[in-house]
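For the sequence shown, the positions run 27 to 599 when my numbering is used.
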Amino acid sequence: MLPAQLIEQRLQAAVKTVLPDADTAAVLVRPCPDPRFGDYQTNALMGLARARKLNPRQLAADVLARLDVADCCEPPEVAGAGFLNFRVQTAALARALQAAARGEHLFFPPAAAPRTVVVDFSSPNVAKSMHVGHIRSTILGDSLARVLRLLGHRVITDNHLGDWGTQFGMLLTAWKRDLNAAALQTDAIAEMERLYKQAAAECKTSPAALEAARRELVRLQAGDAENLAIWRRMIALSRAQFDIIYQRLGVRFDHTLGESFYHPRLQPLVQELCDRGLARESEGARVVFFDDLPALQAHPALIQKRDGAFNYTTTDLATLAYRLETWQPDEIIYVTDARQQLHFQQLFAAFRRWRPEAAVRLAHVWFGSILGEDNKPFKTRSGETVKLADLLDEAEERAYRAVSEKNPALAEADRREVARVVGLGALKYADLLPNRQSDYVFSWDKMLALNGNTAPYLQYACARIRSIFRKGDVGGDLAPAALELGAPEELALARHLLNFGLVLAAMAEEYRPNFLCNYLYELAGRFTAFYEHCPVLKSAPGPRASRLVLCDLTARVLQQGLAVLGIETLEQM
Ligand code: ARG
27 MLPAQLIEQR
37 LQAAVKTVLP
47 DADTAAVLVR
57 PCPDPRFGDY
67 QTNALMGLAR
77 ARKLNPRQLA
87 ADVLARLDVA
97 DCCEPPEVAG
107 AGFLNFRVQT
117 AALARALQAA
127 ARGEHLFFPP
137 AAAPRTVVVD
147 FSSPNVAKSM
157 HVGHIRSTIL
167 GDSLARVLRL
177 LGHRVITDNH
187 LGDWGTQFGM
197 LLTAWKRDLN
207 AAALQTDAIA
217 EMERLYKQAA
227 AECKTSPAAL
237 EAARRELVRL
247 QAGDAENLAI
257 WRRMIALSRA
267 QFDIIYQRLG
277 VRFDHTLGES
287 FYHPRLQPLV
297 QELCDRGLAR
307 ESEGARVVFF
317 DDLPALQAHP
327 ALIQKRDGAF
337 NYTTTDLATL
347 AYRLETWQPD
357 EIIYVTDARQ
367 QLHFQQLFAA
377 FRRWRPEAAV
387 RLAHVWFGSI
397 LGEDNKPFKT
407 RSGETVKLAD
417 LLDEAEERAY
427 RAVSEKNPAL
437 AEADRREVAR
447 VVGLGALKYA
457 DLLPNRQSDY
467 VFSWDKMLAL
477 NGNTAPYLQY
487 ACARIRSIFR
497 KGDVGGDLAP
507 AALELGAPEE
517 LALARHLLNF
527 GLVLAAMAEE
537 YRPNFLCNYL
547 YELAGRFTAF
557 YEHCPVLKSA
567 PGPRASRLVL
577 CDLTARVLQQ
587 GLAVLGIETL
597 EQM
């Protein structure tokens, strides 16, 4: 068992003896923010003391008296107003590293209680191209799905495609009248966007055009065969283009149900909410009011418009119910931009009334915008929204130029492969590194830099470690009988490796990949310090073997960590 886990388990047992009624699941051990005070820390006793009106220092002392961690820690200390600090013994560090070297773990335990988690992300709209806004949902959502999967949870990814709605009325009229079949062949989404723009402009000025679009929509919703066939084609064409992007990004979905899938469930849903008095009529529409929720008092949720049409909220309520019935999730995560916060507050509040018994955890994981270097929303030079496909092309192209400059001797195909891995890695990392709730400024130069907190820097660190093994012709069994850890840089690196699992858990708990980015960046820094101070290949057999283990484990954690972020690594760069 890993030291942090062991400490946590013993601590929970000690708390249980002192406070038999306490909920010890909340007694957690975290890395110490200041390494001078120790490796791990718990602040849980303060909360427990406060709730019972006990003196926190006294409670900490009582727990300490029942706590036996002598086999892995220096004697723990009470600090401040009831913190407990732990320092792991060097021998325990070495044991944990050795177990990792033997392949028993990579510093994270499998989930003790696996949960079922639905991740709803990407979710672009049919007949429109994915733009930079969708990049964040796609990349962020994918990394959350990956970390949860790695930790042993059952993850279900669902692409909630916008494939239903009023835009199809306009699209259908324009399609029937003006479709350019050749243009559809070359770039289907571009052609559909052209049709949509044309129809939307017409509808603005002509009531007749608006009425025609409305009629096409009614026909589609009533199941008219011709309209259904065109609509299906629009979905298939859009999905084919989305899939190319997902494939390039290495993103996969277990399901792509889309909004249309829930259409048959909407009428009965609204009926049920009305029958149960949870929704009521207001000016001809049907609405859920939240009179008892101050934040939402002024924001009732519309679930059926006066003309009988259902909306985004209605569909999302039906989606939630379907997911509960079908997969029995413990948690559902929605990844969208910040502008949808009110929508999800309303959705969750309405859902809790409708299904008060449901224990599912609902999380809206929202993110800020991508800005251009002028601090305004990121646009192309001609002022249009940037398309995701173009962004991926440019990332690879820029990386290709950089690789060719640095490594002109490399074969063309190899340079292309390095450029793909580095370019896409840089783009993803730049998106995951900032606190997701703040806007960030998009900068090619920054994200592609080989120095700094970037994917290329981490990918390069990984390749550099691999090259040590090639150079030393080291292979096979790396696990020496005993690990020697002596130099401060060795210890600092070892301690950091041990925290990988805690960082993964924190990322999954708070939906924040930036925790992992910063952890990996720091790992690479600690590795550099170690490598500068501690010769590896040239040292005596004992330290050489130990240091090779440190090298190998660092490379493995870097690689696994980047893989969680959806970023590939290379043996050679
Ligand atoms: N299609 C929506 C958009 O592009 C995102 C859907 C998010 N998921 C959801 N269940 N509402 O804004």
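All C-beta atoms in this analysis are idealised placements derived from N, C-alpha and C, irrespective of residue type, glycine included.
Can you tell me whether Arg-538 is helix, strand or coil according to DSSP? coil
Would you mind reading off the limits of the alpha helix (DSSP H) that contains Phe-316? From DSSP, Phe-316 is part of no alpha helix (DSSP H); its letter is neither H nor E.
Continuous alpha helix (DSSP H) assignments of at least 4 residues falling wholly in the stretch 508-556: 514-524, 526-536
Contiguous beta strand (DSSP E) assignments of at least 3 residues, all confined to the stretch 304-360: 306-308, 311-314, 327-330
From Cys-488, Gly-108, Leu-588, pick the residue whose C-alpha is nearest to that of Asn-544; which is it? Leu-588
Within a Cβ cutoff of 7 Å, which residues of the same chain sit near Ala-421, ignoring the five residues on either side of it in sequence? Gly-449, Leu-450, Ala-452, Leu-453
Spatial distance of Gly-129 from Val-114 (CA atoms): 21 Å
Just the Cα atoms here: how many angstroms apart are Arg-162 and Thr-339? 22 Å
If you measure from the CB of Asp-60, is any heavy atom of the ligand ARG nearer than 7 Å? no
Run of the beta strand (DSSP E) containing Thr-231, from where it starts to where it stops: Careful: Thr-231 lies outside any beta strand (DSSP E), inside the alpha helix (DSSP H) at 214-231.
Enumerate in chain order the residues of its own chain whose CB-to-CB distance from Val-89 is below 8 Å, with the five nearest sequence positions on each side excluded. Leu-37, Ala-40, Val-41, Val-44, Leu-71, Leu-110
When DSSP labels each residue in this structure, what does Gly-188 get in the three-state scheme? strand
Check whether the Cβ atoms of Pro-57 and Leu-528 lie closer than 8 Å to each other. yes
Leu-549 and Thr-580: beta carbons closer than 8 Å? yes
Cβ-heavy atom distance, Asn-337 to the ligand ARG, below 7 Å: no
Between the CA atoms of Arg-365 and Arg-492 - distance to the nearest angstrom: 44 Å
Report yes if the C-beta of Thr-362 is less than 7 Å from at least one heavy atom of the ligand ARG; otherwise report no. yes
For Leu-187 versus Val-152, is the C-beta spacing smaller than 8 Å? yes
When DSSP labels each residue in this structure, what does Ile-438 get in the three-state scheme? Note on residue identity: the sequence assigns Glu, not Ile, to residue 438. In this structure, Glu-438 counts as helix in the three-state DSSP scheme.
Shortest alpha-carbon distance to Glu-357 belongs to which of Val-296, His-179, Gln-585? His-179
From Asp-333 to Gln-293, what distance separates their C-alpha atoms? 13 Å
Under the criterion of a Cβ to heavy atom distance below 7 Å, does Asp-578 qualify as lining the ligand ZN? Judged by which ligands are present, the ligand ZN is missing from the structure shown, whose ligands are the ligand ARG.
For Glu-34, which residues in the same chain have their Cβ closer than 6 Å to its Cβ, ignoring the five residues on either side in sequence? Val-55
Span of the alpha helix (DSSP H) holding Pro-281? Before going further, note that residue 281 is His rather than Pro in the sequence given. Element bounds for His-281: n/a, residue is neither H nor E.
How is Lys-405 classed by DSSP in three states: helix, strand or coil? strand
Mind the definition here: the stretch 515-530 touches the stretch 117-132 only if three or more C-beta pairs lie below 8 Å; say whether that holds. yes
Contact the stretch 262-273 vs the stretch 219-234: 3+ CB pairs below 8 Å: no
Using a Cβ-Cβ distance under 8 Å, would Pro-561 count as near chain C? Looking at the structure shown, chain C is missing, and only one protein chain is on hand.
Report the three-state DSSP secondary structure of Arg-180 (helix, strand or coil). strand
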